[in-house]
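Colleague:
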Amino acid sequence: MNKSLSASYLAFIYVILYLPILVLIVFSFNNSMFSGLWHGATLKWYRELFHDSGLQVIAIHSLIISFLASTVATFIGLLGAVALFKYQFFGKKLLNGVVFIMIVIPDLVLGIAFLILFHALNISLGFWTLLLAHITFCIPFVVVTILSRITGTDKNLFEAAKDLGANDFIVFSKIIVPMLIPGIVAAWLLSFTLSFDDVVISTFVSGPDFQILPLYIFSQVKLGVTPELNALCSVILLLTVVMALIAQMVLKKK
Amino acid sequence: MNNVIKVRNITKVYHDTVVLESINLDVNSGEFLTLLGPSGCGKTTLLRLISGFEEPTAGSIMINGRDVKGLPPHLRDVNTVFQSYALFPHMTVYENIAFGLKCKKLPKTEIADRVQEALAMVRLEKLAGRRPAQLSGGQQQRVAIARAVVNKPLVLLLDEPLSALDYSLRKNMQIELKSLQRKLGITFILVTHDQEEALSMSDRVVIMDEGIIQQVGTPRQIYESPNSLHVAKFIGEANIFETEVLSVSENHLQLRIEGKIFTLSNKRGAKLGQSVYMLVRPEDLRAWDKSEIIDREDKDELIQATVEQVIYKGSTVDLILRTASGKRLSATEFFDEDDEDLDYKINETVWVEWMPGWEVILPYDE
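As you go down the protein sequences, you meet chains A and B in turn.
Just so you know, we're using our numbering here: the first sequence kicks off at 11 and counts up by one.
Just so you know, we're using our numbering here: the second sequence kicks off at 594 and counts up by one.
1. What residue does the alpha helix (DSSP H) around A:H71 start on, and which one ends it?
2. Of all Cβ atoms in chain B, is any one closer than 9 Å to the Cβ of A:I156?
3. Find the nearest neighbour of A:S163 within the set B:H683, B:P812, B:L717, B:N744, judged by alpha-carbon distance.
4. For the region 613 to 621 of chain B against the region 227 to 240 of chain A, are there 3 or more C-beta pairs whose distance is under 8 Å?
5. A:G121 and A:A143 - do their beta-carbons sit closer together than 9 Å?
6. Are there 16 or more other CB atoms within 10 angstroms of the CB of B:H845, so buried, or fewer, so exposed?
7. What is the DSSP secondary structure of A:W48, reduced to helix, strand or coil?
8. Looking at the secondary structure, which residues open and close the beta strand (DSSP E) in which A:W198 lies?
9. Between which two residues does the beta strand (DSSP E) carrying B:L857 extend?
10. Counting along the chain, where does the beta strand (DSSP E) carrying B:V869 start and finish?
11. Check whether the region 130 to 138 of chain A and the region 646 to 658 of chain B are in contact - that is, three or more C-beta pairs closer than 8 Å.
12. Does A:N40 pass the burial test, meaning 16 or more other C-beta atoms within 10 Å, or should it be called exposed?
13. In chain order, which continuous runs of the beta strand (DSSP E) of length 3 or greater are located wholly inside the region 886 to 958 of chain B?
14. Since B:P746 and B:V674 are thought to touch, with beta carbons under 8 Å apart, how far apart are those beta carbons, to the nearest angstrom?
15. Closest by CA to B:V736, which one among B:L878, B:L720, B:L750?
16. Nearest CA to the CA of B:N602: which residue from B:K764, B:G663, B:I805, B:E790?
17. Of all the alpha helix (DSSP H) runs that stay within the bounds of the region 770 to 800 of chain B, which reach a length of 4 or more residues?
18. Just to confirm, are A:S183 and A:A79 a CB contact at a threshold of 9 Å?
19. DSSP beta-bridge partners for A:N270?
20. Given this structure, state the Cα-to-Cα distance separating B:V686 from B:R921, to the nearest angstrom.
21. Ordered along the chain, which non-local residues of its own chain (more than five positions away) have a Cβ less than 6 Å from that of A:A69?
22. Determine whether the Cβ of A:L174 lies closer than 9 Å to any Cβ atom of chain B.
23. Could you name the residues of the region 685 to 709 of chain B whose beta carbon sits closer than 8 Å to any beta carbon of chain A, in the order they occur along the chain?
24. Strictly below 8 Å CB to CB, what residues from chain A border B:D673?
25. Nearest by alpha-carbon distance to A:A257: which of A:I194, A:V215, A:Q230 is it?
26. Starting from the C-beta of B:I904, find all residues in its chain whose C-beta is less than 6 Å away, skip the five residues before and the five after it, and write them out in chain order.
27. Taking the C-alpha atoms as reference points, what is the distance between A:I180 and B:G730?
28. What are the residues of the region 634 to 656 of chain B that lie near chain A, defined by any Cβ-Cβ distance shorter than 7 Å?
29. Which residues of chain A have a Cβ atom closer than 8 Å to the Cβ of B:A679, listed in chain order?
30. So B:Y816 packs on B:L792, CB below 8 Å; how close in whole Å?
31. Is A:K232 close to chain B? Criterion is C-beta to C-beta, closer than 9 Å.
32. Buried or exposed, going by whether 16 or more other CB atoms sit within 10 Å of the CB of B:W951?
33. Pull up the distance between the alpha-carbon of B:E959 and that of B:L822, whole angstroms please.
34. Could you please tell me which residues of the region 180 to 191 of chain A, in chain order, have their CB closer than 7 Å to any CB of chain B?
35. Can you check whether the C-beta of B:E959 is within less than 9 Å of a C-beta belonging to chain A?
36. If you draw a straight line from the C-alpha of A:T333 to the C-alpha of A:Q98, how long is it?
And the structure:
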């Protein structure tokens with residue numbers, strides 16, 4: 011009795027979590043333009059998707075922005091986390107606090123702030139503003155992820171390395187980074203996904219010359235959900251799952 | 594004998610707190626020196642000043658005849674074994690040991706040879722490919738030592754290296770460390786708060802307290818002739834009697850202890866009327882029962898006490914005694930040919946004595 015109850019409860023939760031995604035995938039194969047009913051399977055929408063060169067450009071834009079933003083943010087965030095852990099300096103507490111504020115600050119506020127800033131500096135909206143904004147909102151997540159990994163590390167490790175003749179660069183590259191690889195990978199993946207599906211901030215800082223996927227999908231949905239969009243989202247889902255699996259494998263090996 | 598390390602007038606102040614005050618210390622080449630003291634006495638700070646992780650507020654340190662002021666740790670010909678071992682978790686045993694040599698950019702073949710040599714020395718050849726997490730505490734300890742000595746330092750600094758190990762392993766490692774030190778001929782400076790460890794391993798012991806050196810000497814000197822009450826209390830147990838010097842002759846003095854007059858040799862030039870402590874170690878106290886004392890003519894000169902507790906320890910029996918004046922004494926009796934039958938009963942009266950000359954007489958501390 012108790013067992014079947016817990017099993018059905020679990021099933022219920024899974025249905026709530028994954029049914030929408032399942033519907034999306036199923037309907038990306040539906041052989042009908044508008045209908046919510048099943049009209050038989052087809053790969054038509056995927057074919058159209060892969061022939062839509064305009065969409066491909068937008069997808070590549072998104073990948074470039076996310077890749078660059080997560081890479082730069084991971085690098086800056088890594089340095090920041092190591093500094094916060096390893097050194098005592100003026101304003102350390104303030105910096106720590108600001109990092110957490112950045113995480114909880116609403117995207118809307120951040121987006122408008124970026125818009126005002128770029129406007130004040132007279133920078134025209136486009137690739138660079140998008141990239142800068144994405145790097146900025148990813149950094150605090152990187153800092154927090156890596157800091158949680160590095161906290162509790164024996165500080166004697168750094169002294170031991172110095173005692174054995176390592177300079178600061180060797181300590182960083184041969185001790186700190188290899189020890190933190192799982193955290194660095196996790197931070198990069200987190201940044202990538204945050205950047206890849208950001209709509210709110212991107213709305214404020216993107217220009218007409220540089221379209222990205224989330225904004226494109228958002229604008230298309232206003233005209234109605236097409237099976238082609240379903241197919242696009244399914245592909246993105248597949249990519250995400252593959253990335254998560256790769257991440258799992260990397261983390262397990264270490 | 595030349596001094597590999599000379600510490601001169603070292604003072605270290607942290608945020609207005611004096612951690613070390615005017616420390617002078619010579620370390621002989623090839624000796625096993627232990628810095629012993631309670632936590633917060635400055636022993637670890639002294640070690641860190643020698644290793645170069647900290648700079649003294651005043652004074653100088655010479656290593657191998659060279660003033661090391663401002664020199665970073667790796668240019669000092671010393672290496673440190675940390676209390677937590679501080680092994681690099683993402684490297685194998687081999688890589689850990691090779692790290693220092695790689696930093697020095699030695700040729701690969703030389704690195705391989707020296708690492709193998711170090712591995713053999715600590716008997717870990719078979720575990721070269723393991724990660725630290727896959728090793729026991731004792732093995733990690735040996736890796737930490739190998740990682741330090743592979744650099745061929747003049748002095749190896751060990752910061753409480755055995756405190757993380759359990760009792761029996763610690764005993765084994767003490768013996769191993771000592772024999773390793775003899776084999777390598779490297780000077781070892783060990784920091785510990787464990788007096789037994791200090792006595793059993795060291796050539797010389799430095800007793801520290803509250804930032805100053807209290808006494809330097811061989812374990813035997815420290816134990817048998819402590820120069821202050823603090824040292825005597827810190828090293829082993831002691832029965833302490835507070836009294837006054839009743840009379841002084843050429844080489845002797847008289848003290849009243851528990852109502853009896855004792856004539857003892859005056860080794861430290863105590864003066865008439867001076868307040869002194871007299872110390873006797875528990876193992877130097879002999880407790881005789883009635884049947885053993887009955888025939889002795891001098892039995893009235895012995896201190897009488899009642900047995901309060903008998904603690905059987907296998908090779909010894911520890912007694913807690915109470916004298917007529919209420920003073921608590923502890924005595925350790927050994928099973929030997931003089932006294933095969935250590936059969937003490939609680940509340941039994943015993944007569945206590947010690948070998949004249951085995952006591953220590955110290956002036957009152959200020």
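Note that CB positions come from ideal geometry on N, CA and C, so glycine has one too.
Treat the numbers as computed from the prediction; the structure is a model and nothing was measured.
Modeller: Reading from the atomic positions:
1. 63 to 96 is the span of the alpha helix (DSSP H), which, as asked, contains A:H71.
2. No, A:I156 lies away from the interface with chain B (no Cβ there is under 9 Å from its Cβ).
3. Reading off the sequence, residue 163 of chain A comes out as Thr, not Ser. B:H683 is the residue among B:H683, B:P812, B:L717, B:N744 whose C-alpha sits nearest the C-alpha of A:T163.
4. The answer is no - the region 227 to 240 of chain A does not touch the region 613 to 621 of chain B, with fewer than three Cβ pairs under 8 Å.
5. The answer is yes: Cβ separation under 9 Å.
6. B:H845 is exposed by the Cβ-count criterion.
7. In this structure, A:W48 counts as coil in the three-state DSSP scheme.
8. Careful: A:W198 lies outside any beta strand (DSSP E), inside the alpha helix (DSSP H) at 187 to 206.
9. DSSP places B:L857 in the uninterrupted beta strand (DSSP E) bounded by 853 to 858.
10. Taken as a continuous stretch (DSSP letters only), the beta strand (DSSP E) holding B:V869 covers 868 to 873.
11. The region 130 to 138 of chain A, when compared against the region 646 to 658 of chain B, does not touch it at the 8 Å Cβ threshold.
12. Classification of A:N40: buried, given that the 10 Å Cβ count is 16 or more.
13. Counting only runs of 3 or more, we get 896 to 905, 909 to 916, 921 to 927, 942 to 947, 953 to 956.
14. B:P746 to B:V674, Cβ: 11 Å. No contact.
15. Looking at the Cα atoms, B:L720 is the closest of the given residues.
16. The shortest Cα separation from B:N602 among B:K764, B:G663, B:I805, B:E790 belongs to B:I805.
17. Whole alpha helix (DSSP H) segments, 4+ residues: 788 to 794.
18. Not closer than 9 Å, so no.
19. Only positions 11 to 264 of chain A appear in the structure, and residue 270 of chain A is not among them; the question remains open.
20. Straight across, the Cα-Cα distance linking B:V686 with B:R921 is about 53 Å.
21. Within the same chain, A:A69 has close Cβ partners L223.
22. With 9 Å as the cut-off, A:L174 counts as an interface residue toward chain B.
23. Along the region 685 to 709 of chain B, the positions whose C-beta sits under 8 Å from a C-beta of chain A are F692, G693, C696, K697, read in chain order.
24. It should be pointed out that residue 673 of chain B corresponds to Thr in this sequence rather than to Asp. Counting only Cβ-Cβ distances below 8 Å, B:T673 has contacts in chain A at E169, A170, D173, in chain order.
25. Of A:I194, A:V215, A:Q230, the residue nearest in Cα terms is A:I194.
26. The beta carbon of B:I904 is closer than 6 Å to those of D911 in its chain, skipping five residues each way along the sequence.
27. Looking at the backbone, the Cα of A:I180 and that of B:G730 are separated by about 27 Å.
28. With the criterion set as a beta carbon lying under 7 Å from some beta carbon of chain A, the members of the region 634 to 656 of chain B are S644, F646, in sequence order.
29. Those are D164, N166, L167, E169, A170, listed as they occur along chain A.
30. B:Y816 to B:L792, Cβ: 6 Å. Contact.
31. So, not an interface residue.
32. Exposure of B:W951 is indicated by the presence of fewer than 16 other C-beta atoms within 10 angstroms of its C-beta.
33. A caution first: B:E959 carries a pLDDT of 48, below 50, which makes its placement in the model unreliable, though a value can still be read off. Using only the alpha carbons, I get a separation of about 11 Å.
34. Flagged, chain order: I180, I185, P188, M189.
35. Annotation note: pLDDT 48 at B:E959 (below 50); position unreliable, coordinate value reported separately. Contact of B:E959 with chain A is not assigned, every C-beta pair being separated by 9 Å or more.
36. Lying before the first or after the last residue shown, residue 333 of chain A is absent from chain A, which here runs from 11 to 264.
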